[in-house]
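**Q** Okay, handing you the structure first.
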Amino acid sequence: MVWWLQREIYLRWGKLEKLRNVEKESRDEEKLRNVERSRDEEGELRNVEEELRDKEELKDVEELRDVENLRKVKKLRDVEEELRDEEEELRDVRCLK
0 MVWWLQREIY
10 LRWGKLEKLR
20 NVEKESRDEE
30 KLRNVERSRD
40 EEGELRNVEE
50 ELRDKEELKD
60 VEELRDVENL
70 RKVKKLRDVE
80 EELRDEEEEL
90 RDVRCLK
């Protein structure tokens, strides 16, 4: 009878160990999935950050273009004003002749 109890304990202990191993493997697999999910989320965040940086750079480039265009417009206005002044001087000179 004792051998039967020992055998039963041994078998149940083996089943318990198998269950523990399966449980541990399940936890390890879940941890792996969590790590992979975290990596995917980090990758997505990096992509979003890059897109935002690109948009900011584009915005900066557009602002620089706007500033350059404003400078060009100012130069053109200055040149136009100089031309008007010269035309007036020429008219004055013609009138004096």
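Numbering (numbering that gives the first Met the number 0), first residue to last: 0 to 96. Beta carbons are placed, not taken as given, at the ideal position from N, Cα and C, and that holds for glycine.
In whole angstroms, what separates the C-alpha of residue 77 from that of residue 71?
**A** If I take the Cα positions, the gap works out to 10 Å.
**Q** Taking just the CA atoms, how far does residue 52 sit from residue 91?
**A** Those two C-alpha atoms are separated by around 58 Å.
**Q** Where residue 95 and residue 82 are concerned, what is the direct C-alpha to C-alpha distance, given to the nearest angstrom?
**A** Cα to Cα, the separation comes out at about 20 Å.
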